[in-house]
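Residue numbers (the working numbering): 5 to 431. Quick notes on the structure that follows.
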Ligand code: GDP
Ligand code: IMO
Ligand code: MG
């Protein structure tokens, strides 16, 4: 038995897709536990660049099964688009399985996502507008429709009628927007369900059977710890628990079944959307990181906010996820700098604190305390082993490892499959 969780340690886009792809070369199954098409995971192989939103990153290995778990919110139209695109690039998607318990994103969810964002004004969250928040709110409010509901025509009509009546009142009376037509939704989504029918399974059973059979399973988290609904910078968060615990729940796996929990962190940090960001660099260096790191959203194309490695947030994420290992990605993006600031604490009201605080307003007031590490001013992207990295780059990784308090076992030095260095742990 071997189950590995891959978790984002920062505000997302750390390179979870790339690390999952690396692990998938040795895996039998990759499971996506939560989130929706708000995620964008990039994998770069000899066949080109793949941007995956719902389909697990294991899909690029022909023998790897891919499961979309019960905790995921699925927009059937967008999933079919993703499957079609993969097929058009010669990828066999018959290895994809979709949970019958997954909640469904229906047309009113993205509409409400946009309207809610508009009504938040300058306090808007900067969501991906994929309908993620409204869909999970409906799931928890027990107004959601699941894949299993859509698969049964009678249930679909009954459930949709109940919910749509309420949504149309909301759309018209609160937001002054147009109502949605029930028959149009039924027609479009029933057609989607016909197309998706061969993929639908009881995913938690499929995953448990794989574990029982001694197969190697990777759970590929979406989003990241600082976007967590409980532990992130609320309300500037997503609507799920993108932690190791949330990954267990979404995949249908118990904590005791997990062998490795790998946290993925960039060698610096980025954030898309609003909310506090203590180490953000609004200046020239931030722009250098954005351009060198191609920091533009995989899902929305928005420029990502960029900043220096945030030690307190990183350590906090390592602790609440119980990480066993760390992957540091995008070290190559720092190749140009003379000096690299690393945040080791926050100053708040004249005192030093060492973890994010609950209030987003207060968290927005913290000032980072930096130490300055020597840059290496050398191209690291062709490194094949740890010894190929310049001493200052190795020292940088050693320092991050000390700060996070967990062993760094992978280092990313470029976007392609081969650009990854393995490292033995020293803490
Ligand atoms: P995810 O959402 O965590 O899977 O990350 P994204 O795919 O949204 O964003 C990470 C971006 O960085 C992608 O464009 C990757 O191809 C790229 N990437 C991943 N690892 C590395 C690395 O070590 N170096 C460089 N230069 N790019 C990387
Ligand atoms: P991956 O898996 C980065 C952010 C949005 C917004 C907040 C809420 O690629 O790392 P939502 O649409 O979820 O209601 O938006 O969460 N966000 C992400 N940021 N990477 C992601 O996914 C994200 N998924 C959501 O930008 O700030
Ligand atoms: Mg991403």
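Heads up, the beta-carbon is just placed ideally off N, CA and C, and yes, glycines get one too.
Practice prompt. Decide if the stretch 55-73 is in contact with the stretch 99-110; the criterion is three or more beta carbon pairs, one per stretch, under 8 angstroms apart.
Written response: Judged by Cβ distances under 8 angstroms, the stretch 55-73 makes contact with the stretch 99-110, as three or more pairs qualify.
Fill in: Sequence-distant residues of its chain with Cβ nearer than 6 angstroms to residue 197 (five each side left out)
So the list reads 154, 155, once near-sequence residues are dropped.
Worksheet item: Can you check whether the CB of residue 342 is closer than 8 angstroms to the CB of residue 311?
Response: Not closer than 8 angstroms, so no.
Worksheet item: When DSSP labels each residue in this structure, what does residue 3 get in the three-state scheme?
Response: What the structure shows of the chain is the stretch from 5 to 431, and residue 3 is not part of that stretch, so it cannot be assessed.
Discussion item. Ligand 1 and residue 57: does any heavy atom of the ligand fall closer than 7 angstroms to the residue's C-beta?
Written reply: For residue 57, the shortest C-beta to heavy atom distance toward ligand 1 is 7 angstroms or greater.
Worksheet item: Excluding five sequence neighbours on each side, which residues of the same chain lie with their C-beta closer than 6 angstroms to the C-beta of residue 132?
Response: If we look at residue 132 and ignore the five residues flanking it on each side, its Cβ neighbours are 42, 303, 304.
Worksheet item: Name the DSSP beta bridge partners of residue 105, please?
Response: In the DSSP assignment, residue 105 forms no beta bridge with any residue.
Practice prompt. Using the DSSP secondary-structure output, state which residues sit across from residue 212 in a beta bridge.
Written response: Answer is none; residue 212 lacks a bridge partner.
Worksheet item: Between residue 114 and the rest of its own chain, which residues show a CB-CB distance below 7 angstroms, the 5 nearest in sequence each way excluded?
Response: The residues are 133, 134, 135.
Worksheet item: Among 7, 16, 53, which has the Cα closest to the Cα of residue 32?
Response: Minimum Cα distance to residue 32 is reached at 7.
Worksheet entry | Three CB pairs or more closer than 8 angstroms across the stretch 265-285 and the stretch 362-375 | Output reads yes: the stretch 362-375 touches the stretch 265-285.
Worksheet entry | Whole-angstrom C-beta distance between residue 140 and residue 77, which should lie under 8 angstroms | Here residue 77 really is in contact with residue 140; their C-beta atoms are around 6 angstroms apart, less than 8 angstroms.
Practice prompt. Please state whether DSSP places residue 22 in a helix, a strand or coil.
Written response: Reduced to three states, the DSSP call for residue 22 is helix.
Fill in: Option in 151, 64, 395, 404 with minimal Cα separation from residue 331
Ranking 151, 64, 395, 404 by Cα distance to residue 331 puts 404 first.
Worksheet item: Between the Cα of residue 299 and the Cα atoms of 16, 9, 10, which residue gives the shortest distance?
Response: Ranking the options by Cα distance to residue 299, first place goes to 16.
Worksheet entry | Check whether residue 306 and residue 294 have beta carbons under 8 angstroms apart | Against a cut-off of 8 angstroms, the Cβ pair of residue 294 and residue 306 comes out as no contact.
Worksheet item: Where do the N-terminal and C-terminal ends of the beta strand (DSSP E) with residue 381 fall, by residue?
Response: That residue, residue 381, is in no beta strand (DSSP E); it is neither H nor E in DSSP.
Practice prompt. Verify whether the separation of the beta carbon atoms of residue 346 and residue 387 is less than 8 angstroms.
Written response: No, Cβ-Cβ distance for residue 346 and residue 387 is not below 8 angstroms.
Item to complete: Compute the minimum distance between the beta carbon of residue 43 and the heavy atoms of ligand 1, and state whether it is under 7 angstroms.
Response: Yes; taking the cut-off as 7 angstroms, the Cβ of residue 43 has a heavy atom of ligand 1 nearer than that.
Practice prompt. Could you tell me the distance, in whole angstroms, from the CA atom of residue 203 to the CA atom of residue 20?
Written response: Going from the Cα of residue 203 to the Cα of residue 20 covers about 24 angstroms.
Discussion item. Please classify residue 14 as buried or exposed, where buried requires at least 16 neighbouring CB atoms within 10 angstroms.
Written reply: Burial is judged here by how many other beta carbons sit within 10 angstroms of a residue's own beta carbon; residue 14 has at least 16 and is buried.
Discussion item. As a quick exercise: from 9, 10, 11, 18, pick the residue whose alpha carbon is nearest that of residue 270.
Written reply: The residue from 9, 10, 11, 18 with its alpha-carbon nearest to that of residue 270 is 18.
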